[in-house]
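Undergrad:
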Amino acid sequence: MNLFEAVKDSIPTITAAEHYGIEVKRNGMACCPFHDDRTPSMKVDKRFHCFGCQEDGDVIDFVGKLFDLSPKRAAEKLAEDFGVQYDGLQPWRPQKRPSVISKLEAAQEYRKKENRCYRVLCGYFHLLQDWKEQYAPQPSDEEWHPLFCEALQKIDYVEYLLDELISGTLEERTAIVKEKEKDLDRLERRITGFSASGKIEPHRSGIQEKMRGMRYPEELAM
Ligand SMILES: [Zn+2]
Numbered sequence: 001m002n003l004f005e006a007v008k009d010s011i012p013t014i015t016a017a018e019h020y021g022i023e024v025k026r027n028g029m030a031c032c033p034f035h036d037d038r039t040p041s042m043k044v045d046k047r048f049h050c051f052g053c054q055e056d057g058d059v060i061d062f063v064g065k066l067f068d069l070s071p072k073r074a075a076e077k078l079a080e081d082f083g084v085q086y087d088g089l090q091p092w093r094p095q096k097r098p099s100v101i102s103k104l105e106a107a108q109e110y111r112k113k114e115n116r117c118y119r120v121l122c123g124y125f126h127l128l129q130d131w132k133e134q135y136a137p138q139p140s141d142e143e144w145h146p147l148f149c150e151a152l153q154k155i156d157y158v159e160y161l162l163d164e165l166i167s168g169t170l171e172e173r174t175a176i177v178k179e180k181e182k183d184l185d186r187l188e189r190r191i192t193g194f195s196a197s198g199k200i201e202p203h204r205s206g207i208q209e210k211m212r213g214m215r216y217p218e219e220l221a222m
C-alpha cells in the first residue's frame, strides 16, 4: 500500500482531529477549524465536511489544511504521528555521523595507500641491494651492469624514502605517498618479474627491523 492509501485506510479523520486537539462531540460534530465557527458545524467521521464553509475532504486534506502542508507532507506527518507502515517507508536507522565516518574512511584509505607505498618501495630496496652485490663489476668488465648502476643511483634515495615512511611526520609521509603513487604500479610489476625469476632472496635488513615499530598517524589509533 502506498503512503496515501495506507494513511487514508488506517486513520479516520475523526481520530486525527481529536489527536490534534479538536474537540469532537458524541454526534461527530466539531467546531470547524477552517472558519470562525461558534457552534459545531463540521461533521467528522472517516472524512470531514463543514456545513458552514463547505470545506470537505479526507484525513490528508484535513491535516494538510490544518497545518498548511502539501498533501504529501500531510500524509507523511500522519504516518509518522500514528506509526503507519507503507511501501517505500525508510526503516528507521540510528543517525550516522557522516563527518566521523568519512574521516575514518579517508584515514583507512590513506593507510592502505601508505602501506602499499611502503611495501613496494621495500621490495624495490631489496632488489637494489641484491643487484648491488650480484652485479658488482669484476675487474675484467668493460662496462658496469645497468642494474648495478641503478642500484648505486637509487639505493640511498629509496632507503631515505623508507626511513621517512617509518619515522616521518604525517605531512612528510603524505608527501611521499602522493609523489610515489604514480610509480608504484610500474615498480610493482618489475619487482614481481624479478621475484618470479627467482633472482631475489628476501633480506632481513635494518629497515625491516624498523618496520616492526612503524607508527601510524595519531588519528588512526583506535
Ligand atoms: Zn468550516
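Note that the numbering used here has the sequence shown beginning at 1, numbered continuously upward.
We treat Cβ as the ideally placed atom computed from N, Cα and C, and that holds for glycine.
Keep in mind that this is a model prediction, so the values were computed, not measured.
Compute the minimum distance between the beta carbon of F34 and the heavy atoms of ligand 1, and state whether it is under 8 Å.
TA: Relative to the non-hydrogen atoms of ligand 1, the Cβ of F34 comes within a distance shorter than 8 Å of at least one.
Undergrad: Look up C149 in the DSSP assignment and say whether it is helix, strand or coil.
TA: Of the three classes helix, strand and coil, the one that applies to C149 here is helix, per DSSP.
Undergrad: K77 and V63 - do their beta-carbons sit closer together than 9 Å?
TA: yes
Undergrad: Would you list the one or two residues that DSSP bridges to C32?
TA: DSSP lists no partner for C32.
Undergrad: Answer yes if the segment 33-43 comes into contact with the segment 67-86, meaning at least three C-beta pairs across the two stretches below 8 Å, and no otherwise.
TA: Touching, no.
Undergrad: From I200 to W131, what does the alpha carbon distance come to, in whole angstroms?
TA: Unreliable placement is indicated for I200, whose pLDDT of 46 sits below 50; the coordinate value is still reported in the next sentence. Distance between the alpha carbons of I200 and W131: 9 Å.
Undergrad: Could you tell me which of F48, K112, L66 and N27 sits nearest to Y20, measuring between CA atoms?
TA: L66
Undergrad: So what's C53 in DSSP terms, helix, strand or just coil?
TA: coil
Undergrad: On the DSSP bridge assignment, give the partners of F48 in chain order.
TA: V44 and G57
Undergrad: Report the CB separation of A79 from V7 in whole angstroms; it is logged as a contact under 8 Å.
TA: Right, the Cβ-Cβ distance comes to about 6 Å (below 8 Å), so this counts as a contact.
Undergrad: Taking only three categories from DSSP, how would you classify R204?
TA: The pLDDT assigned to R204 is 41, lower than 50, so where the model puts this residue is not dependable; a value taken from the coordinates is nonetheless given after this. Correct three-state label for R204: coil.
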